[in-house]
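Quick note, the sequence shown lines up with residues 1 to 396 if you use UniProt numbering.
These notes are about the structure you will find just below.
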Amino acid sequence: MVIKPKIRGFICTNAHPAGCAAHVEEQIAYVKQQGELKDGPKNVLVIGASTGYGLASRITAAFGSGAKTLGIFFEKEGTEKKTASAGWYNTAAFQNAADKAGLWSKNINGDAFSTELKEKAIEAIKADMGKVDLIIYSLASPRRTDPKTGETHSSVLKPIGEAITTKNLNTSKRVIDEVSVEAANEEEIANTVKVMGGEDWELWLDALKQADVLADKFKTTAYTYIGKELTWPIYGHATIGKAKEDLDRAAAAIKASTAALNGEAYVSSLNAVVTQASSAIPIMPLYISALFKVTKEDGTYEGTIEQIHGLFNESLYSDSPRFDDGGHLFQNYKELEEGVQARIQHIWDTVDTDTIDALTDYEGYHNEFLKLFGFGVDGVDYDADVNTIAEINNLV
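Rendered as structure tokens:
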């Protein structure tokens with residue numbers, strides 16, 4: 001099949017297997033170029049391992065530290081008539097590269113929120129890893145079924161307190177317009193916290209502790225984005241922000257419950273980057289396009305792999321980790337510099353449809369969006385006939 005991107009609004013409904021593989025190889029090559037991580041992890045569980053920051057974490061651990069990795073994800077396999085999800089192709093490519101490098105790696109596809117999958121992961125850890133010394137929590141899901149009650153909760157992307165109307169880059173029409181979003185009610189806020197907050201992260205660590213598969217002095221981190229004033233109305237001070245605040249509660253609870261193991265639990269604050277999740281959030285395409293413009297001019301641009309390798313090298317496995325005022329590992333310090341934010345604000349205030357390309361790096365944003373699904377990657381022949389079916393080796 002010859003595969004071209006099929007874009008609907010803020011999502012791409014197909015993926016390119018060769019392009020996804022090439023994108024994974026680009027990230028692996030970056031990590032290898034940085035050299036070996038000093039005192040890095042050796043046995044790593046990545047919950048949400050197939051795309052974005054989770055995939056970058058798995059690549060960094062494996063190819064930067066030689067770690068064994070167990071990846072958890074929920075992805076769709078391809079057929080002869082339909083492509084797999086990008087995360088499926090990413091994982092197949094990662095596993096092929098790990099096999100070639102002689103790195104131990106296994107994969108579990110399923111609902112990470114379920115008790116059954118947690119038990120399956122623990123069985124794999126006991127059988128082949130012994131104990132894990134790093135647990136990455138990087139799930140992005142619009143809904144979650146509570147394993148205790150069986151109730152399914154859905155998240156919303158809404159402000160809290162009052163409705164907002166704000167500038168927006170409409171990626172479907174490629175115009176600057178406005179978007180209005182109604183305020184969330186209390187039930188919507190609670191459901192969003194239930195889906196995107198720290199409860200499941202805490203359940204994972206409880207299960208691992210009870211099964212005695214946590215290494216002494218293990219580390220665990222969940223990822224967040226906090227941002228500044230421009231994004232607060234729809235992100236930091238909105239329903240998703242309230243959920244992310246719950247990660248702080250969970251981090252404290254995990255640290256307290258694993259005190260006997262001297263475990264470390266952190267929330268890591270990362271850059272705004274193009275992911276499948278961020279593309280769905282109103283105002284983020286315009287904000288990220290402006291951010292890219294400024295950071296590329298300054299030579300400080302970082303994508304997912306640069307952010308995560310920096311997090312591992314500068315904070316998670318450093319003698320002098322960097323923290324923000326809220327106690328999070330602070331990796332997005334370059335984005336939040338006052339001068340950078342002031343220039344982004346100026347772009348925001350002045351850009352219109354006619355000046356999108358001149359004032360922002362929307363082209364860069366769009367290219368990164370396409371690469372999430374394996375399109376627009378250098379060296380890939382997109383006119384070639386490719387096999388839509390890709391096997392994931394070592395699928396548990």
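Ideal Cβ placement from N, Cα and C applies to all residues, glycine included.
Keep in mind that this is a model prediction, so the values were computed, not measured.
8 Å Cβ cutoff met for residue i and residue j
{"i": "T239", "j": "I189", "result": "yes"}
{"i": "P41", "j": "L169", "result": "no"}
{"i": "A84", "j": "A390", "result": "yes"}
{"i": "G66", "j": "N107", "result": "no"}
{"i": "G374", "j": "A15", "result": "yes"}
{"i": "S138", "j": "G54", "result": "yes"}
{"i": "residue 399", "j": "C20", "result": "Shown here, the chain extends from 1 to 396; a query on residue 399 therefore has no answer."}
{"i": "W348", "j": "L230", "result": "yes"}
{"i": "N247", "j": "F218", "result": "Per the sequence presented here, residue 247 reads as Leu, with Asn not at that position. The answer is no: Cβ separation not under 8 Å."}
{"i": "F73", "j": "S105", "result": "no"}
{"i": "P17", "j": "N393", "result": "no"}
{"i": "E45", "j": "A97", "result": "A small correction: the amino acid at residue 45 is Leu; Glu does not occupy that position in the sequence shown. No, these two residues do not count as a Cβ contact at 8 Å."}
{"i": "T350", "j": "L336", "result": "no"}
{"i": "I136", "j": "S257", "result": "no"}
{"i": "V181", "j": "P282", "result": "yes"}
{"i": "I125", "j": "V213", "result": "yes"}
{"i": "H309", "j": "T91", "result": "no"}
{"i": "A127", "j": "G48", "result": "no"}
{"i": "K167", "j": "E151", "result": "no"}
Own chain residues within Cβ distance below 6 Å of residue i, not counting five before or after
{"i": "G227", "result": "Y235 and G236"}
{"i": "T221", "result": "Y266 and S268"}
{"i": "N43", "result": "K68, M129, V132 and D133"}
{"i": "L395", "result": "N107"}
{"i": "S114", "result": "P147"}
{"i": "W232", "result": "none"}
Simplified DSSP state of residue i, which is helix, strand or coil
{"i": "T220", "result": "strand"}
{"i": "L139", "result": "coil"}
{"i": "K208", "result": "One point to set straight first is that residue 208 is Leu, not Lys, in the sequence displayed. The answer is helix: DSSP assigns L208 an H, G or I state."}
{"i": "E26", "result": "helix"}
{"i": "R249", "result": "helix"}
{"i": "A124", "result": "helix"}
{"i": "D319", "result": "coil"}
{"i": "Y287", "result": "helix"}
{"i": "E297", "result": "helix"}
{"i": "residue 400", "result": "What is shown of the chain runs 1 to 396, which leaves residue 400 out entirely."}
{"i": "V274", "result": "coil"}
{"i": "T239", "result": "helix"}
{"i": "H153", "result": "strand"}
{"i": "A15", "result": "coil"}
{"i": "V267", "result": "strand"}
{"i": "L261", "result": "helix"}
{"i": "K244", "result": "helix"}
{"i": "residue 456", "result": "Nothing about residue 456 can be read from this structure; the chain reaches only from 1 to 396."}
Same chain, Cβ closer than 7 Å to residue i, five either side skipped, listed in chain order
{"i": "G161", "result": "A183"}
{"i": "S315", "result": "P321, R322, L329 and Q331"}
{"i": "F10", "result": "T171, S279 and A280"}
{"i": "R249", "result": "G198"}
{"i": "E294", "result": "The residue you asked about is not Glu; residue 294 is Val in the sequence shown. Closer than 7 Å at Cβ, skipping near neighbours: V340, R343 and I344."}
{"i": "V377", "result": "G19, A22, H23 and K371"}
Nonlocal neighbours in the same chain, by C-beta distance under 8 Å from residue i, ignoring five residues either side
{"i": "Y365", "result": "V274, P285, I288, S289 and F292"}
{"i": "A163", "result": "S180, V181, E182 and A183"}
{"i": "K6", "result": "C12, T13 and N14"}
Nearest to residue i (by Cα), restricted to the options the options
{"i": "K148", "options": "T165, I176 and L203", "result": "L203"}
{"i": "F63", "options": "P282, Y89, Q27 and D298", "result": "Q27"}
{"i": "I305", "options": "L208, Q34 and I11", "result": "Q34"}
{"i": "L157", "options": "V193, D177 and S138", "result": "V193"}
{"i": "D39", "options": "G197, G299 and F312", "result": "F312"}
{"i": "D200", "options": "L117, N271 and T165", "result": "L117"}
{"i": "K242", "options": "E335, V294, A252 and E186", "result": "E186"}
{"i": "T145", "options": "I164, D111, E178 and K126", "result": "D111"}
{"i": "K81", "options": "L37, V2 and P159", "result": "V2"}
{"i": "K173", "options": "F369, G376 and R8", "result": "R8"}
Proximity test, residue i beta-carbon vs the ligand ADP heavy atom, cut-off 7 Å
{"i": "C20", "result": "Ligands in the displayed structure: none, and consequently the ligand ADP is not present."}
Exercise for review: Would you mind listing the alpha helix (DSSP H) stretches within the UniProt domain "Enoyl reductase FAD binding" (323-386) that are 4+ residues and don't spill past its ends, in chain order?
Suggested key: 338-350, 356-359 and 362-372
Review point. Whole alpha helix (DSSP H) runs in the stretch 72-131 with 4 or more residues, listed along the chain?
Key: 86-101 and 115-128
Exercise for review: May I have a chain-ordered list of the beta strand (DSSP E) segments no shorter than 3 residues that lie completely inside the stretch 161-208?
Suggested key: 164-170 and 175-181
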